[in-house]
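What follows is a single structure, written as structure tokens, with notes after it.
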Amino acid sequence: MFEEKLSVQIQAKAKIPIAPAYLGAAGLAPFALAMLITLFGTSPAQRAFGLQAFAIYSGVILSFLGGVRWGAALAHPSIRLLSMAVLPSLVAAGCLLLPPQRALPLLAIAFLALGLSDATRGAHPLWPQWFKRLRLMLTVAVVALHAVICVATQVCVATLGHL
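Residues 34 to 196 in my numbering are what the sequence shown spells out, letter by letter.
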């Protein structure tokens with residue numbers, strides 16, 4: 034009986050609450066919209082706008098993930114934790130100085146690295162148990178969207194000579 038109750042409590046703590054789940058999913062919408070504009074825009078200017086919007090939003094979200102780390106690091110500040118928290122913003126800023134076709138693969142790698150770091154890290158007192166699962170699901174979606182847009186834009190450039 035006690036073990037059953039404990040199991041239910043652990044499962045309840047691991048379940049992703051509705052608000053973070055919906056907001057995380059909503060955070061994917063700008064990626065998807067920008068990708069659709071990039072792939073199906075009616076002019077080269079529209080497609081270039083979509084690609085630029087995708088890259089900018091990608092940089093913003095990467096910086097946001099650094100902010101999440103910064104907030105968690107403040108509980109036990111160390112140069113290592115705070116430096117790792119600033120790194121995503123620096124990578125994002127550097128990538129946004131590049132043309133989108135060059136920036137997007139680097140941003141995808143950064144998202145993958147952060148996602149793997151979150152998935153393999155031990156328990157963190159400030160991060161609920163469900164956070165790992167949410168981050169893993171969102172990371173898979175974001176990296177997949179980056180992969181699709183990277184491949185699609187390379188195909189467009191290779192076949193049409195432009196985006």
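Glycine included, every Cβ here is placed at the ideal spot set by N, Cα and C. On a predicted model such as this, the values are computed, not experimentally measured, just so you know.
Proximity winner among the options, relative to residue i (alpha-carbon distances)
i            : options                        : result
cysteine 128 : Phe144, Leu114, Leu115, Ala118 : Phe144
leucine 169  : Leu149, Val184, Trp160         : Leu149
alanine 67   : Ser76, Ala47, Ile89, Ala54     : Ile89
valine 184   : Arg135, Ala125, Leu147         : Arg135
glycine 125  : Leu147, Ile112, His109         : The residue asked about is misnamed: residue 125 is alanine in this sequence, not glycine. Nearest of Leu147, Ile112, His109 to alanine 125, Cα basis: Leu147.
Integer Cβ distance of residue i from residue j, believed to fall under 8 Å
i              : j              : result
glutamine 85   : proline 133    : 6 Å
tryptophan 163 : proline 50     : 7 Å
leucine 115    : tryptophan 103 : 7 Å
CA-to-CA distance, residue j to residue i, given in whole angstroms
i                : j             : result
lysine 165       : glycine 155   : 10 Å
alanine 58       : leucine 171   : 8 Å
alanine 106      : leucine 120   : 13 Å
leucine 178      : histidine 157 : 28 Å
threonine 75     : threonine 186 : 15 Å
threonine 26     : leucine 131   : Lying outside 34 to 196, the shown extent of the chain, residue 26 is not represented and no answer is given.
alanine 174      : leucine 167   : 11 Å
alanine 47       : alanine 54    : 12 Å
leucine 123      : glycine 60    : 21 Å
valine 101       : alanine 152   : 15 Å
arginine 80      : valine 176    : 20 Å
alanine 180      : alanine 52    : 27 Å
isoleucine 182   : alanine 108   : 38 Å
phenylalanine 73 : proline 110   : 46 Å
alanine 62       : glycine 83    : 13 Å
isoleucine 112   : leucine 69    : 41 Å
CB contact flag (residue i, residue j, <8 Å)
i                : j                : result
leucine 140      : glycine 92       : yes
phenylalanine 97 : phenylalanine 64 : no
glycine 99       : alanine 78       : no
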